Amino acid sequence: MARPELGQVVAWYVCTVVACVFLVSRLAVRWRLLKRLYLDDLLVSLAVLCLIADLAIQHYMFNQGMSEMANTTTDEKINIMKMIIPGSTFYVTSLWLIKTSMVVFYKRLADRTKYQLVYNITLGILGATWLVLFFDIVFKCYPPDRQWKSFTDPTLACPSKPDVINYWLTILFNIFSDVFIICLPISQVARLKMPRKQKWGVISVFLLGGLVVITSIIRAIYSHLNEQMITCTVSMIETAIAIIASCLPVLRTLVFGSHSRTGTYSGRRGYELSGSGGGVHTGPQTSKQHTTVSVSRTVAGPSGDDLSRNDSEDELVKSAAGVSTPGIAVMREYFVHEDERSLRGP
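Reading the sequence shown from the start, the letters are residues 1 to 346 in the UniProt record's numbering.
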């Protein structure tokens with residue numbers, strides 16, 4: 001009879017494979033369109049490597065009897081406890097790499113706006129909080145080997161207070177940073193003048209990051225209940241969802257394409273000039289000749305801040321092909337038609 005915990009182990013592998021598929025798709029899209037990769041691509045790639053390392057550690061702990069701690073031997077308990085520090089480090093590092101990659105991505109979009117300072121401060125805070133968590137994981141019980149030597153020498157048992165501090169630090173830093181990072185691009189998009197449906201379509205991509213917050217809360221609950229197996233499973237789900245959410249803004253080019261002829265907004269009118277020159281009026285397009293004039297402009301937010309981009313597909317919404325001006329480009333085409341009467345003269 002199969003052990004019920006094997007289903008959770010399968011879920012670990014499914015999460016890792018799905019995350020790898022999204023990463024490969026992201027890198028393929030970037031390389032196909034731009035023939036280059038960016039810093040945020042590297043950060044997400046490192047996050048996936050951390051996820052794979054975490055998978056290996058969790059599988060090793062499972063083989064040592066993590067799902068049945070009451071029936072494990074002392075040596076197996078020691079082997080499991082030795083994996084707590086590297087496993088927790090890989091988990092935190094993978095999440096913080098994803099957070100950093102998203103901020104770097106949004107920072108490149110927000111070139112030449114006041115958001116640059118906000119993103120720089122956010123990156124500094126992410127670096128500081130990662131260091132706090134890293135040193136807390138390693139040195140919450142000093143020396144670290146006390147965590148497993150206590151099984152043979154009870155006098156070396158670690159106090160419970162550092163574990164409580166690490167629990168709350170991880171939860172608060174993780175959840176609040178996720179919420180803040182999700183709100184940053186949404187606040188930018190909300191200020192743009194664009195059709196409501198399209199605006200909500202763009203915002204919904206970023207709101208998917210809210211699933212990461214939900215899984216973080218679920219993980220915190222099971223971690224508090226000391227449900228080790230379920231905590232590991234939710235951790236894998238949380239990291240996989242975070243990787244997928246970070247790849248979606250890039251992968252949207254698979255749906256919309258990397259170039260758009262008319263851009264985000266497009267207005268198109270045909271004007272027919274009468275032979276008598278008595279004014280401009282719209283009418284059926286029956287003329288023999290026409291002249292096309294294309295004008296591009298940059299859409300800014302209500303306060304005049306431009307939202308820029310640095311490559312053909314790093315943008316919050318689709319842009320016009322060939323427009324190098326920073327911002328969300330708009331291509332408006334005016335068609336001027338001359339009919340045969342105006343060509344013949346009076």
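Just so it is clear, CB atoms sit at the ideal spot from N, CA and C, and this is done for glycine as well. From a predicted model like this one, the values you see are computed outputs, not experimental measurements.
Beta-carbon proximity of residue i to residue j, cut-off 7 Å
| i | j | result |
| --- | --- | --- |
| V17 | F62 | no |
| K140 | N166 | yes |
| residue 348 | R219 | The structure shown has nothing for residue 348, since the chain only spans 1 to 346. |
| F206 | I182 | yes |
| A47 | A240 | no |
| I98 | A242 | yes |
| residue 348 | M236 | Since the first residue shown for the chain is 1 and the last is 346, residue 348 is missing from the structure and cannot be characterised. |
Burial state of residue i (16 or more Cβ within 10 Å)
| i | result |
| --- | --- |
| K161 | exposed |
| D75 | exposed |
| T155 | exposed |
| S204 | exposed |
| K107 | buried |
| L117 | exposed |
| S187 | exposed |
| W12 | buried |
| A110 | buried |
| V14 | exposed |
| V132 | exposed |
Beta-carbon proximity list for residue i, same chain, < 7 Å, skipping 5 on both sides
| i | result |
| --- | --- |
| V213 | I175, D178, V179 |
| M83 | I57, Y60, M61 |
| C158 | C141, R146, Q147, S150 |
| V234 | T215, I218, R219, Y222 |
| L27 | L37, D41 |
Same chain, Cβ closer than 6 Å to residue i, neighbours up to 5 away in sequence not counted
| i | result |
| --- | --- |
| G65 | T72, E76 |
| K197 | none |
| F105 | D40 |
Neighbourhood of residue i by C-beta distance below 8 Å, restricted to the same chain and skipping five residues each side
| i | result |
| --- | --- |
| I137 | I85, S88, T89, V92, N166 |
| W130 | V92, T93, W96 |
| V44 | L23, R26, L97, I98, S101, I243, S246, C247 |
| V103 | Y119, T122, L123, L126, I181, L184 |
| W200 | none |
Proximity to residue i [Cα-Cα], best of the options
| i | options | result |
| --- | --- | --- |
| L248 | I80, S94, D40, E68 | D40 |
| residue 347 | L109, L169, E227, L123 | Any answer about residue 347 is impossible in this case: the structure gives the chain only from 1 up to 346. |
| P144 | C50, I78, A28, G201 | I78 |
| residue 421 | L123, V14, D54 | Outside the shown range of the chain (1 to 346) lies residue 421, about which nothing can therefore be said. |
| G210 | V21, M69, L184, Y119 | L184 |
| A128 | F173, N226, Y115 | F173 |
| R191 | Y115, K35, W31 | Y115 |
Output the residue ranges of the beta strand (DSSP E) runs that lie fully inside the region 61 to 92 and measure 3 residues or longer, sorted by chain position.
none
My parser needs the alpha helix (DSSP H) runs of 4 or more residues fully inside the region 157 to 204; what are they?
As far as the region 157 to 204 is concerned, its whole alpha helix (DSSP H) runs of at least 4 residues are 161 to 190.
Taking only runs that begin and end inside the region 90 to 146, name each unbroken alpha helix (DSSP H) of 4 or more residues, in chain order.
115 to 139
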